[in-house]
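Have a look at the structure below before the remarks.
So this is what it looks like as structure tokens:
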């Protein structure tokens, strides 16, 4: 290692003559120790072998548990499918499925990933709405069929009543036709008007002939509350109804208990039924 040689001259100036080398006395142990000195500053003994320990990776955070499927979502989907299969429970089951599905989706959003099943809850809501819609369409179909059948029967009875009056007016004695079929072919080309067509709950057409009570009577003998033509009892799947044509041309549709006879119904309402002649 070089050191400069400086001295102070007689004139007061500082002069440097140069530098000379002075070897440093470093032991092999010290040099070896300095080369293998660890980061802490402690030297190892001669001949010892230094091994570098690899840095430990940071410990990952604990894995959160998998989310649990919401029981409300499962119940919503199950109830919705049950209501879709059983039509008579479609409305209560559909409403329950919609309510449970909406509650499940709200709880899943607020659970911060603890609960799962949002898609299942949405499926339950959709299935519930679908069940209500299908049930509504089925009920509407039967109701519209029943309304259409009643309107057709009323139209047939109205036509029969007018034709019977015309038949009696053409006769000098004012007698009503002996039977409805006797009005063909002078007044009707076929006998389809003499029957009421109804649809059963399965959509099948059922044709039933009207019951005629005016045979052998004059038109003047049939009062306003006297039954002239009546439809046979029929059961539409929801209720039993009866369409009646009275002597004054009035048409009435009556809802009755299944199994009640026409004479019992007439006695309850004060109507009259002509006897056979």
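Residue numbers (my numbering): 100 to 376. Think of the CB as a built atom: it goes at the ideal place given N, C-alpha and C, for glycine as much as any other residue. Everything numeric in this text was worked out from a predicted model, so none of it was measured.
- For the options 296, 180, 226, 354, the alpha carbon positioned closest to that of residue 251 is the one of 296.
- Within 10 angstroms of the beta-carbon of residue 292 lie 16 or more other beta-carbons, which makes it buried.
- Your pair residue 345 and residue 363 does not check out as a contact, with CB atoms roughly 18 Å apart and the cut at 8 Å.
- In the same chain as residue 193, and ignoring 5 residues on each side of it, the C-beta atoms closer than 7 Å to its own belong to 179, 182, 227, 228, 230, 231, in chain order.
- Within its own chain, the residues whose Cβ lies closer than 8 Å to the Cβ of residue 305, once the five positions on either side in sequence are excluded, are 296, 297, 298, 299, 333, listed in chain order.
- As the crow flies, the alpha-carbon of residue 258 is around 24 Å from that of residue 355.
- Judged by DSSP secondary structure, residue 328 falls within the beta strand (DSSP E) whose first and last residues are 326 to 329.
- The DSSP-derived three-state label of residue 312 is coil.
- With contacts defined as CB atoms closer than 8 Å, residue 175 and residue 203 qualify as a contacting pair.
- Within the segment 150 to 188, the complete alpha helix (DSSP H) segments of 4 residues or longer fall at 170 to 184, listed in chain order.
- In terms of Cα proximity to residue 260, the closest of 165, 323, 190 is 323.
- The count of Cβ pairs closer than 8 Å, one atom from the segment 272 to 288 and one from the segment 305 to 319, reaches three, so the stretches are in contact.
- In the three-state reduction of the DSSP assignment, residue 270 falls in the coil class.
- In summary, residue 186 is exposed, with fewer than 16 beta-carbon neighbours lying within 10 Å of its beta-carbon over all protein chains present.
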